[in-house]
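Take a look at the structure set out below.
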Amino acid sequence: MRKKQNAMQISVEEKVSTVERGALLCVADAGLAEELTRELKLCAHVGSVRVATNLPDLIERMEQDSPYVILLDDGVFQDAPLSELLRQLTRTAPVILLASAERQGEILRMVAEGEVEFVARHGDFIPLAACLVERRLRWALRSGMGGGSPWAEMPEDVAEIFRHEINNPLTGILGNAELLLSHGVRLPAADTQRLQTVVDLAVRLRETIRRLSDAWDSQTRVPKTSAPGSASGVSLF
Amino acid sequence: MEDEPRVAQLIVDVPREEGHQVEAVLESQEGLARLSRAHYDLVVCDLRMPRLDGPAFYEALIRAASPVQNQLSFVTGDTLAPRTMQFLEKSKLPCLAKPFLVEELKLAVNRRLERSRQAEERVLASGSETRQSK
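Chains A and B, in that order, give the protein sequences.
Take 1 as the starting number for the first sequence in the numbering used here and just add one per residue.
Take 1001 as the starting number for the second sequence in the numbering used here and just add one per residue.
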């Protein structure tokens, strides 16, 4: 089994299909597949939902349907080398992996790269899995392409303006509020607290922008070999 | 050198409170003119400036063989722009990403000034050794 999966090469070419594209669930347990399908049908942005019960079936359906997103239950492959399998599947569509919590460490890098999401099979996980599938489908419909995040489709110059026009004003907001606080100006305690809130929220916004920028960068660029740093705080002084 | 006046004022205020003498210009052409008239230990320049941007300003310093080319540091709101990344990678010049914390700016300025001071001392020491050997 392992050998067969190692040797498996998945290559799905883009093709024009009359089949409605949507989500492809690869779930061994028929009851779970039914519950997921039912939950997905409640969502607003879901097109077709198809089910494969094993890997050969999944590959066949991928070729036929070119899904926007794949939900993969690790019950269908058990001991297979997870990262290699995911790498091959994500050439066709982003993957939402449904697995025991212990497996999450194996895919951290792929989650960071944005092509894989993880749902721990614990508690009431079905609504979360359905939400993630719906989100990917929404992105796919918005971009008119694969299930990548919307900022992956943002023109580069727009992204530059976006970063520039947020980061510059935020520099003034954050720096001036910090300076006022550091001066120990005689302000009523409530006003000092308000100023501290401005600083805290500005810092939070800064981190959000950097995370978004990093995510956008990782999805739109070829890997960097010796870039001067990520968006998250280049400081080579 | 920062074209946004309120950001420029902040970049002036922080090192000034540390006891440094600081001047600001809102145009890089004016910056070049001042550099030709006076000595500065450190130049902090926004990478994205109208007309003469950071990389062009750096090129101008190199063409003029200005010693300030080694005392230059950048700030930018966009470290991800391809041309920014290429320029920083090639020039090896330091850059601080906006928005920065006050402490980050203080640290950046003090480190850069310390490096300039050490470089200056090395030049003086080598000059002194040369004179002694003669």
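Every residue gets a Cβ at the ideal spot worked out from N, C-alpha and C, and that includes glycine.
For the C-beta of A:His-164, the chain B residues within less than 7 Å are, from N- to C-terminus, Arg-1048, Gly-1077 and Asp-1078.
Here the alpha carbons of A:Ala-99 and A:Asp-29 stand approximately 13 Å from one another.
In this chain, the beta strand (DSSP E) harbouring B:Phe-1074 covers 1072-1076. Looking from the CA of A:Pro-56, the closest CA among A:Ser-83, A:Glu-35 and A:Leu-89 belongs to A:Leu-89.
Contact check for B:Val-1068 and B:Val-1044: beta-carbon distance about 11 Å, past the 8 Å limit, so the pair fails to qualify. Rounded to whole angstroms, the gap between the alpha carbons of B:Ser-1073 and A:Ser-66 is 49 Å. Apart from the 5 residues on each side of it in sequence, A:Asp-74 sits with its Cβ closer than 6 Å to the Cβ of Ala-99 in its chain, given in chain order.
Taking a Cβ-Cβ cut-off of 7 Å, the neighbours of B:Phe-1100 in chain A comprise Thr-171, given in sequence order. Counting every other CB atom within 10 Å of its CB across the protein chains shown gives A:Gly-184 a total below 16, marking it as exposed. The Cβ of B:Arg-1006 sits closer than 9 Å to at least one Cβ of chain A.
The beta carbon of A:Leu-72 sits closer than 6 Å to the beta carbons of Cys-26, Val-95 and Leu-97 from its chain, once the five residues preceding and following it are set aside; these are given in chain order.
At a Cβ-Cβ threshold of 9 Å, A:Leu-86 and A:Glu-115 count as neighbours. Within chain A, Leu-179 have C-beta atoms less than 7 Å from the C-beta of B:Asp-1013, given in sequence order. Boundaries of the alpha helix (DSSP H) harbouring B:Arg-1083: 1082-1091, taken from the DSSP string.
Nearest CB-CB separation between A:Gly-184 and chain B: not below the 9 Å threshold.
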